[in-house]
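The structure appears below as structure tokens.
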Amino acid sequence: MIEELLLPILARLFTLLGVRFPYVRVAGLVISLVCLFALQQFLRKTYTGKAIRATVEDWEAASLVGIDVHKVYLLSFLVRDRTGRSSGDSGAREFFS
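Sequential numbering of the sequence shown, starting at 399, is according to the numbering used here.
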């Protein structure tokens, strides 16, 4: 139902300086930039993000200051999986719609 409503909109093109861009590619770019900004803010502002960055720098030192390195590795794997899956989903929608 939603795809039937969005497909005519996303299939359109717009022209900028003589170059034609499909809306679906622009939407994918915007979604990717929003996800990138959100991930950057997560890694910079939250305790968990700082723990991930500390573990990446030196896992032994992070362990010495009380960071559970195994949990951080698990969480970073989940974050990587979600970001990869969201970018893969947007790319699949672009090419298979």
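Just so it is clear, CB atoms sit at the ideal spot from N, CA and C, and this is done for glycine as well.
Here the structure is a predicted model, which is why all the values come from computation and not from measurement.
Query, Result
"Do you know how far the Cα of threonine 413 is from the Cα of valine 477?", "36 Å"
"By the DSSP assignment, the alpha helix (DSSP H) with leucine 415 in it spans what residues?", "Where leucine 415 is concerned, there is no enclosing alpha helix (DSSP H), given that its DSSP letter is neither H nor E."
"Are the beta-carbon atoms belonging to serine 461 and valine 470 less than 7 Å from one another?", "no"
"Given phenylalanine 475, which residues of its chain have a CB within under 7 Å of its CB, disregarding the five upstream and five downstream residues?", "none"
"By the DSSP assignment, the alpha helix (DSSP H) with valine 454 in it spans what residues?", "445–455"
"Check the C-beta distance from leucine 473 over to isoleucine 450 and give it rounded, since I have them as a contact under 8 Å.", "7 Å"
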